[in-house]
Every structure is written in C-alpha cells, then in structure tokens.
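From first to last, the protein sequence lines are chains A and B. Take the numbering used here: the final residue in the first sequence is number 118, and no numbers are missing along the way. Take the numbering used here: the final residue in the second sequence is number 146, and no numbers are missing along the way. Just so you know, even glycine gets a beta-carbon here, dropped at the ideal spot from N, CA and C. A quick note: this is a predicted structure, and the numbers were derived from the prediction, not measured.
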Amino acid sequence: MTFVWAFIIGGLLCALAQLVMDLAQLTPGQVLVLFVVLGALAGGVGVYGKLVQFAGAGASVPLPGFGYTMVEGIGQAVQQKGALGLFTGGLTAAAGGIKAAVLFGLTAALIFRPKA
Amino acid sequence: MDSEKEQYQQLTRQLMPKRPIARNLMLAFLVGGLICVVGQVVQWFFMQQGMSSKAASSPTSVVMIGIGALLTGLGWYDRVVKWGGMGGSLPITGFANAMVAPAMEFKTEGLIMGIGARLFTIAGPVLVYGMAAAFVVSAIRYLLTGVA
C-alpha cells in the first residue's frame, strides 16, 4: 500500500512544484529552494513527519524531504546536546545525502562528457 | 515611448506560446510519482535487511543520488527533466542532476572553477536556504517549547 501512496504523494508534490513554477514563472532553481524551505517549515509544525510515515519515499525522496530531514535531525540533537544541537543536528542527519551528492556528482562530472 | 513599450509587451504576450499547464502538471505527476515508487522499492530493499523505515531513508537517498548522477552522466536524465519538468527535478535524483549537469558542461573551465564550483550552481542555494530555514524553524520551536 505504501507503494501506491508513494506514487500519489510524490506525484502530487511534483505537480504542485510544476504549478508554482508555471504560474509564478520561476526558474527550476528558485522552485527547488522554495520547496526545501517549505519542507523545513512543514517539518517544524509536524505535518511533514506524518506525510513521511504515510507515504514513505513519496515524501522523503522529493526535495522538501531534505528540509524535513534537517529539522528532524536538529530535534534529536537538541534533546541530546541542548542548544548546540541547533548547529550540529541538521547536517548530521543530512550527511549521507550531501556526501553522496558531492562524491557521485564529482565522479560523474569527471568521467562523462556532455552530450552535444 | 512608454506606450510603445507597452504595446510591444502586449504583442509579445499574445505571440508567446501558451504554456500547456494541464499537460505539464500531468507529466510532472506521472514522472515524479514513478521516481518516488523507485525510491520506495529501494527503501523496501533496505527494510528487508532489517532496517526501520526511518533508518532506511538515508541509504535510500544515497542510492537515488547515485542513480541520478549516473543517468545525468549518460545524458538520459536530461530527457526525464525535459519531459517531466518538476517531476524530474524535485525528486532527489533531480538534485543530483542539477549538480552534475552544470559541472559537466563547464568541465573545460578546469577542475577547480569548472567542476568544483559548478557542482554547486543549484545545490549551493538549496543547501544555504535549506540549512538556514531548518535552523530558524528549529530555533523558534526550541524557544517556544524547550524541545526542538
């Protein structure tokens, strides 16, 4: 059942981003920044966590999931270390994705040539 | 002068092809949904190894980013984005695409300012504002409730 919800929620988030881009005439980069911020906000008020529980990768794979992951990580870190967690928690939680993006991105850019 | 400018703007608006919004939405939904299903399959695989769904989402991101970077390198992901618009760009595979594509394109400018800098053309702003937003949201929650 999670697979069906992953499709629906993931698809809806992408369609929403497309709608914002078309109506407000934004660039893709602007939309991505907007949605990562929205993900952090929705995470902060507890909405995005419910969406992740329910739609799995449908909510965690789209970019708002990245903002949510950082907020979630900060929450855990603050419980353990107090206010310092505000500085360490976000990147700790997102470390896997960021490191993978830099490492795989660098490798791909080194190996491949752009197609004309 | 001004009215001429206005007339010109009106004319360009009339002549510009209308963006087929309904079609764009449909394609973004389908392509984005399918990519998320692939993500769910990867996550399911990690959960079969005994991880909780929460623990499995980090390695899932790693795998999806790897797929996105590889397909971008091969030149296939650009077609996914051309077709699916935000359906291709919003999932984390699209984030990898947004890093690799400009880095590849500006390869000739060298390893430092070419690849090194261009990897962060889109990823830079996303990280900066994502980190800032996560900090502000959590700080407010911390001040209000004592727990973040």
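Delimiting residues of the alpha helix (DSSP H) encompassing residue i
i: Gly60 (chain A); result: 59 to 62
i: Ala8 (chain A); result: 4 to 26
i: Ala149 (chain B); result: Since the displayed chain B opens at -1 and closes at 146, residue 149 (chain B) lies outside it and no answer follows.
i: Thr29 (chain A); result: Run containing Thr29 (chain A): none; DSSP gives neither H nor E here.
i: Pro66 (chain A); result: 66 to 83
i: Ala80 (chain B); result: Inspection of the sequence shows that residue 80 (chain B) is occupied by Lys rather than by Ala. That run of the alpha helix (DSSP H) goes 75 to 82.
i: Phe104 (chain B); result: No alpha helix (DSSP H) holds Phe104 (chain B); DSSP gives it neither H nor E.
i: Lys101 (chain A); result: 87 to 113
i: Met129 (chain B); result: 118 to 143
i: Val40 (chain B); result: 19 to 46
Min CB distance residue i to chain B below 9 Å
i: Leu25 (chain A); result: yes
i: Val49 (chain A); result: no
i: Thr71 (chain A); result: yes
i: Leu86 (chain A); result: no
i: Lys117 (chain A); result: yes
i: Thr90 (chain A); result: no
For residue i, the three-state DSSP class (helix, strand or coil)
i: Pro89 (chain B); result: strand
i: Gly48 (chain A); result: coil
i: Met97 (chain B); result: helix
i: Lys117 (chain A); result: coil
i: Met14 (chain B); result: coil
i: Gly108 (chain B); result: coil
Contact with chain A by residue i, beta-carbon distance below 9 Å
i: Thr10 (chain B); result: no
i: Gly73 (chain B); result: yes
i: Phe93 (chain B); result: yes
i: Val39 (chain B); result: yes
i: Leu68 (chain B); result: yes
i: Phe43 (chain B); result: no
i: Met97 (chain B); result: yes
i: Met14 (chain B); result: no
i: Lys173 (chain B); result: Residue numbering for chain B in the displayed model covers -1 to 146; residue 173 (chain B) lies beyond these limits and cannot be assessed.
i: Val35 (chain B); result: yes
i: Arg145 (chain B); result: What sits at residue 145 (chain B) in the sequence shown is Val, not Arg. With 9 Å as the cut-off, Val145 (chain B) counts as an interface residue toward chain A.
Distance cut-off 8 Å: residue i Cβ against heavy atoms of the ligand ADP
i: Ala59 (chain A); result: In terms of ligand content, the structure shown is empty, and the ligand ADP therefore cannot be addressed.
Cross-chain neighbours of residue i in chain D, by beta carbon under 7 Å
i: Gly48 (chain B); result: Chain labels in this structure do not include chain D; the protein chains are A and B.
Along the segment 113 to 140 of chain B, where does the CB come closer than 7 Å to a CB of chain A? Name the residues.
Those residues of the segment 113 to 140 of chain B that come within reach of chain A (Cβ to Cβ, closer than 7 Å) are Ile113, Leu117, Ile120, Ala121, Pro123, Val124, Tyr127, Gly128, Met129, Ala131, Ala132, Phe133, Val135, Ser136, Ala137, Arg139, Tyr140.
Does the pairing of the segment 12 to 24 of chain A with the segment 102 to 121 of chain B give three or more beta-carbon distances under 8 Å?
With the cut-off at 8 Å, the segment 12 to 24 of chain A and the segment 102 to 121 of chain B do not touch.
What residues from the segment 54 to 84 of chain A come within 7 Å of chain B, judged by C-beta to C-beta, listed N to C?
Using a CB distance below 7 Å, the part of the segment 54 to 84 of chain A facing chain B consists of Gly58, Ala59, Gly60, Ser62, Val63, Pro64, Leu65, Phe68, Gly69, Met72, Val73, Ile76, Gly77, Val80, Gln81, ordered along the chain.
Counting Cβ pairs, one atom from each stretch, are 3 or more of them under 8 Å apart for the segment 70 to 78 of chain A and the segment 125 to 140 of chain B?
Note that the segment 70 to 78 of chain A touches the segment 125 to 140 of chain B; at least 3 beta-carbon pairs, one per stretch, sit closer than 8 Å.
Report yes or no: do three or more beta-carbon pairs, one from the segment 31 to 50 of chain B and one from the segment 22 to 41 of chain A, lie closer than 8 Å?
No, the segment 31 to 50 of chain B is not in contact with the segment 22 to 41 of chain A.
Given 8 Å as the limit, is there contact between the segment 82 to 92 of chain A and the segment 133 to 143 of chain B, that is, 3 or more CB pairs closer than that?
Three or more beta-carbon pairs separated by less than 8 Å link the segment 82 to 92 of chain A to the segment 133 to 143 of chain B, which places the two stretches in contact.
Would you be able to state if there are at least three C-beta pairs under 8 Å between the segment 20 to 30 of chain B and the segment 74 to 89 of chain B?
The segment 74 to 89 of chain B vs the segment 20 to 30 of chain B: in contact.
Would you be able to state if there are at least three C-beta pairs under 8 Å between the segment 60 to 67 of chain B and the segment 37 to 56 of chain A?
They do not touch, by the three-pair rule.
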